[in-house]
Amino acid sequence: MRNVTRFLWNTIILTATSLLMRFLGMSFQIYLTQRIGTQGIGLFELLMSAHGLAVSLAISGVRLSTTRLVLEVSARGQCSRSGIMKLCLRYSLMLGITAGALLFGVSNPVAVLWLDEPQLASCLRILAFGLPCLAVSSCLNGYFSALRQAGRMAVVQVLEFSFHMALTFGSLALLRPAAPTEACLLLVCCSCLSDMLSAALSALFYYGSRPARSKTPWNITGELLHIAVPDAVGSWVRSGLVSAKHLLIPKGLRKCGASAATALSTYGIIQGMVMPVLSFPAAFLGTVSSLLVPEIAESHALGQKRRLFSIMQRVLHLTLLFSFFTAALLLVYGGDLESLLYRSNDAERYIRLLAPLIPLMYLDTTVDGMLKGMGLQTASMRINILDAAISLLLVWQLIPRVGVDGYLLTIYVSETLNFILSFHQLHRHAGLWLPFYRSVLAPLMAAMFSMFFPRLLLPVFCAVHPFGAVLFSAILYYTLLRLLGSVTKRDLRWFLGIFQQK
Numbered sequence: 031m032r033n034v035t036r037f038l039w040n041t042i043i044l045t046a047t048s049l050l051m052r053f054l055g056m057s058f059q060i061y062l063t064q065r066i067g068t069q070g071i072g073l074f075e076l077l078m079s080a081h082g083l084a085v086s087l088a089i090s091g092v093r094l095s096t097t098r099l100v101l102e103v104s105a106r107g108q109c110s111r112s113g114i115m116k117l118c119l120r121y122s123l124m125l126g127i128t129a130g131a132l133l134f135g136v137s138n139p140v141a142v143l144w145l146d147e148p149q150l151a152s153c154l155r156i157l158a159f160g161l162p163c164l165a166v167s168s169c170l171n172g173y174f175s176a177l178r179q180a181g182r183m184a185v186v187q188v189l190e191f192s193f194h195m196a197l198t199f200g201s202l203a204l205l206r207p208a209a210p211t212e213a214c215l216l217l218v219c220c221s222c223l224s225d226m227l228s229a230a231l232s233a234l235f236y237y238g239s240r241p242a243r244s245k246t247p248w249n250i251t252g253e254l255l256h257i258a259v260p261d262a263v264g265s266w267v268r269s270g271l272v273s274a275k276h277l278l279i280p281k282g283l284r285k286c287g288a289s290a291a292t293a294l295s296t297y298g299i300i301q302g303m304v305m306p307v308l309s310f311p312a313a314f315l316g317t318v319s320s321l322l323v324p325e326i327a328e329s330h331a332l333g334q335k336r337r338l339f340s341i342m343q344r345v346l347h348l349t350l351l352f353s354f355f356t357a358a359l360l361l362v363y364g365g366d367l368e369s370l371l372y373r374s375n376d377a378e379r380y381i382r383l384l385a386p387l388i389p390l391m392y393l394d395t396t397v398d399g400m401l402k403g404m405g406l407q408t409a410s411m412r413i414n415i416l417d418a419a420i421s422l423l424l425v426w427q428l429i430p431r432v433g434v435d436g437y438l439l440t441i442y443v444s445e446t447l448n449f450i451l452s453f454h455q456l457h458r459h460a461g462l463w464l465p466f467y468r469s470v471l472a473p474l475m476a477a478m479f480s481m482f483f484p485r486l487l488l489p490v491f492c493a494v495h496p497f498g499a500v501l502f503s504a505i506l507y508y509t510l511l512r513l514l515g516s517v518t519k520r521d522l523r524w525f526l527g528i529f530q531q532k
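Per our numbering, the sequence shown starts with residue 31, numbered consecutively.
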């Protein structure tokens, strides 16, 4: 129970941090949208999709390999944590420097041929200097995750993002960029400086309490590569396909008849406004997924099949309870939320169209963390590559013919396919299953009733007091879950028992 308690408190710490960061991120995105417009947001998102390919090269396999080596190799007594970290840090620096040099070297052809904006080459060159810092931060985060030191990760994340926001606000207020390309240049400068700060803070925390020094364990280099290379190669291929997909979206919209400005604006609305709204509630689940890797890796290495099954089943059940309520919330109140956040109605249609996909999106995030914790990163890699390849094909064929609706259909196909294949792997290797009524049907009925019933019964109250209506729906949802047997006394005793452990 001690491990469960530690897992819960780490989850609480990182969830609070993630919620704070996502709230700040949403506020930050709203500010940027109002300051540089949807066209500027679209151009920046397009730039970051190209940068994402270099990021995948810099950090692929770094965090996962660090976490698993610290847990597994040190548990076997082959070498100390200090020796493992020396090896992992050298590996991460090598990747980061290589990725930075490549991005710097190909910045001009990427800006001209891929982004159709030669002026963005300078932005890519600036971003290249931050890649070694991202690699080191990823390695040290993997170390903190292995030791369940959630507080250190939380402090670094909050300080880094606070610095990023303050620097961006100040730069935009003082320099007042007139063109979207000038705004992108300022944004990437702030991003690069914040990456450097994150690496410095992580290194400071690590060296402040680093383990005793020991020799570098070159004999486990093969084990590091065995963990990191499949995850890295899969991430490179998938990131390349995803980047190509995002670059094709504005081009496809222009082929469908939209102007260049409208295409960038539509792309900015979906990627910069809709997706943050859909992913914001997943802060809790994203934290659980990252913390699942060391917990599942430990249970899997020790052969604790019963504990492994129990952890995964409870987390998946919790994911479904949360995601069904979130989907119903955005389906009913998506327009009100979009008006409150962005003071416009540009994204309302897309939020409501994509809201039913939320349970699959959140489940896929959780299942992916479980597969990595069990050492099935190769299977996860294959699934992600197949998913990205099919998405690229659909974007290439559908968007020039049917416009933005083709992109929405692509998102549905991609998320559904990825989840089905990932859950099949989980069921195959862990025998995991979920009771259909308790985990799917009951929460689905409860979520729909708890959201639509107040809206139909008290439409004036819901329109005037949306926050009160959502609170009433949440209470009604919990009550229905208890009545339908989806949440039992045993579940509550287990949860409360965690807090009662010393």
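Cβ coordinates follow ideal geometry from the N, Cα and C atoms, glycine included.
Just so it is clear, the structure is predicted and the values come from calculations on it, not from any experiment.
Between the alpha carbons of Leu513 and Tyr297 lies a gap of roughly 43 Å. Given a length threshold of 4 residues, each whole run of the alpha helix (DSSP H) inside the stretch 437-499 is given here in chain order: 472-487, 489-494. The stretch 374-392 makes no contact with the stretch 493-504: fewer than 3 CB pairs, one atom from each, lie closer than 8 Å. Annotation: Met303 is outside any alpha helix (DSSP H) and is labelled neither H nor E by DSSP.
Contact between Ile60 and Leu308 fails: their C-beta atoms lie close to 15 Å from each other, not under 8 Å. Inter-residue distance for Ser269 and His81 is about 10 Å (C-alpha atoms, whole angstroms). Cα atoms of Asn414 and Gly264: separation of roughly 7 Å, rounded to the nearest angstrom.
Ranking Thr440, Ser224, Leu133, Leu474 by CA distance to the CA of His347 puts Leu474 first. By the C-beta density criterion, Lys402 is buried, having at least 16 other C-beta atoms within 10 angstroms.
Taking one beta carbon from each stretch, the stretch 426-433 and the stretch 284-292 have 3 or more pairs nearer than 8 Å; the two touch. In this structure, Leu50 and Val188 form a Cβ contact; the two beta carbons are roughly 7 Å apart against a cut-off of 8 Å.
Taking a cut-off of 8 Å on C-beta distances, the stretch 90-105 does not touch the stretch 138-153, as fewer than three cross pairs fall below it.
Considering only Leu367, Ser273, Leu464, the residue with the shortest C-alpha distance to Ser516 is Leu464. Put simply, the backbone Cα of Arg382 is about 44 Å away from that of Glu102.
Here Thr509 is exposed: its Cβ has fewer than 16 other Cβ atoms, across all protein chains shown, within 10 Å. Cys219 carries a helical assignment under DSSP once its states are collapsed to helix, strand and coil. Between Leu294 and Gln69, the gap from beta carbon to beta carbon is short of 9 Å. Our two residues, Leu143 and Leu277, have alpha carbons roughly 10 Å apart in a direct line.
For Phe355 against Ala472, the beta-carbon gap comes to about 12 Å, at or over 8 Å, which does not count as contact. The continuous alpha helix (DSSP H) containing Arg111 extends over residues 111-135. Remark: C-beta atoms of Leu416 and Ile388 do not approach each other more closely than 9 Å. The three-state reading of DSSP puts Gly91 in coil, since its state is none of H, G, I, E or B. About 7 Å separates the Cβ atoms of Ile441 and Leu384, confirming a contact at the 8 Å cut-off. At the C-beta level, Phe193 and Leu227 come within 9 Å of one another. With respect to the C-alpha of Leu422, the residue from Glu75, Ala141, Lys281 having the closest C-alpha is Lys281. The criterion of a C-beta distance shorter than 9 Å is satisfied by Ser232 and Leu170.
Counting only the Cα atoms, Val100 lies some 9 Å from Ser112. Shown here, Gly433 sits in coil according to DSSP, grouped into three states, outside any helix or strand. Looking at the backbone, the Cα of Ala229 and that of Ser168 are separated by about 9 Å. Sequence-distant partners of Thr211 (beyond 5 residues in either direction) whose C-beta falls short of 6 Å from its own C-beta, in its chain, are Gln149. For Phe453, the closest of Phe352, Gln343, Leu486 by C-alpha to C-alpha distance is Gln343.
Nearest neighbour of Ala176 by Cα position, chosen from Ile127, Ile156, Thr96, Phe483, turns out to be Thr96. Of the residues assessed, Ile505 falls on the exposed side of the cut-off, its CB having fewer than 16 other CB atoms within 10 angstroms.
In this structure, Gly130 places its C-beta atom within 9 Å of the C-beta atom of Gly160.
Look at Val259 here: in three-state DSSP terms it is helix.
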